[in-house]
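Per the working numbering: the sequence shown = residues 48 to 377.
C-beta atoms are modelled at their ideal positions from N, C-alpha and C, and glycine is treated no differently.
For clarity, every value in this text was computed on a predicted model and none was experimentally measured.
Written below as structure tokens is the structure these notes are about.
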Amino acid sequence: MNEKDLRDLGILRIPVPIPFRQAGGPVNVYAIEEAGGGFALFDAGLGSAEAEAALEAGLRAAGCRFSELTRVIVSHGHVDHYGGARTALEKAGRPVPVFAHPADIPKVSEAGPRWKDLAPAYGAFFLGNGVPAEVLSVLASESAGGFNLARRLAEVRPVAEGEVLSFRYFRAELLHMPGHTPGLLCLWDPEHRIFFSDDHLLEKVSPNPLVDLRAGENWRPLVSYLESAGRMRALDVELVLPGHGPPFRDHRRVIDGLRRFYGERQAKIRSLLAEAPRTAYEVTRALFPWAKPGDLFLTFSEAMANLEVLESRGEVGRQRGEATRFHLVA
């Protein structure tokens with residue numbers, strides 16, 4: 048199955064440029080033909096002028112007009128996946144429903160908390176895990192700009208695991224695959240064995256299970272991600288349509304590679320903690336000595352997520368203090 052075969056199924060992949068080098072390339076927006084005419088969007092790209100122009104050009108080249116837009120399904124609440132939705136709705140010129148999983152709606156909806164509302168809690172969390180105040184200051188100043196690349200939506204309707212969406216040439220089941228975010232959604236077409244993975248599975252980039260204080264104290268992103276990846280691995284997928292990069296096959300090869308990758312990273316963390324207890328920030332610096340302060344959110348999330356996996360297995364514990372330290376459990 049190639050991109051022409053996808054077009055025969057009414058699926059158009061539109062790569063949209065983004066400024067995030069860690070993401071693995073342009074973000075993919077999927078325009079899907081509807082049974083009653085028009086098209087749906089699975090994700091809407093970034094809210095920058097360049098990204099919105101690329102989306103409009105891709106639709107125009109396929110003979111689609113925004114006035115024919117019927118619905119938008121947001122895979123998860125990151126700006127490069129929902130940021131262009133509001134502009135698309137405005138260009139449609141009429142009400143168009145937008146759907147997302149309830150766990151990620153606060154990131155997408157106008158009713159959800161803004162970064163400035165969450166900044167004090169994140170600041171306390173990072174300081175409590177050993178991040179120096181001067182590094183945190185750089186992170187805060189560099190991170191805030193990314194939220195200007197998306198306009199939130201007035202109304203976002205909830206959808207749930209197991210709901211079946213009907214399109215012109217196929218039906219797809221919504222699968223809740225938490226990990227990269229708490230509310231990440233994928234589409235699964237078992238008849239044609241096509242899996243829309245968005246950022247749950249990328250061929251050449253790890254999924255960055257991220258710190259998310261809105262998800263509560265019990266949120267362990269990599270623990271959840273590995274469970275979700277196991278569910279996907281069990282499916283008989285022929286073609287993966289990812290959130291970044293071209294379609295690819297052999298999803299089990301990619302998932303098994305990620306498992307080895309995380310296993311090696313966790314072995315490195317165990318060796319670090321065998322020398323002495325360390326804060327999550329100290330583990331981050333040891334794993335990513337090349338990283339700049341502005342990269343901290345991604346690198347710290349990666350280190351903390353792997354520490355939490357080891358903790359969930361009973362291999363690592365925490366020493367509470369002014370800054371929490373992790374230690375090996377005898």
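Assignment of beta-bridge partners to T326 by DSSP yields R372. Per the C-alpha coordinates, the member of R204, L269 and A219 positioned closest to F242 is A219. Around the beta carbon of S114, a 10 Å sphere encloses fewer than 16 other beta carbons of the protein chains shown; the residue is thus reported as exposed. Counting only unbroken stretches of 3 or more residues, the beta strand (DSSP E) elements lying wholly within the stretch 193-239 are 211-213, 218-223 and 232-236, in sequence order. The C-beta distance from N195 to Y328 rounds to 27 Å, too long to meet the 8 Å contact threshold. Shown here for V376: same chain residues with a beta carbon closer than 7 Å to its own, the five before and five after excluded, namely G361, E362, V363 and G364 in chain order. Across the structure, L222 and K339 are spaced so that their CA atoms are roughly 35 Å apart. Within a 10 Å sphere around the beta-carbon of N49 sit fewer than 16 other beta-carbons, which makes this residue exposed.
In the DSSP annotation of this structure, the continuous segment of the alpha helix (DSSP H) that includes V126 starts and ends at V126 to Y129. When C-alpha distances from L249 are compared across G71, R280, G94 and G263, the shortest belongs to G71. When DSSP reads this structure, E80 sits in a beta bridge with F86. Taking C-beta atoms as the reference points, H148 and L232 count as a pair closer than 8 Å. Our two residues, R296 and A197, have alpha carbons roughly 31 Å apart in a direct line. Per DSSP, A147 is not a residue of any alpha helix (DSSP H); the beta strand (DSSP E) it occupies stretches across V145 to A147.
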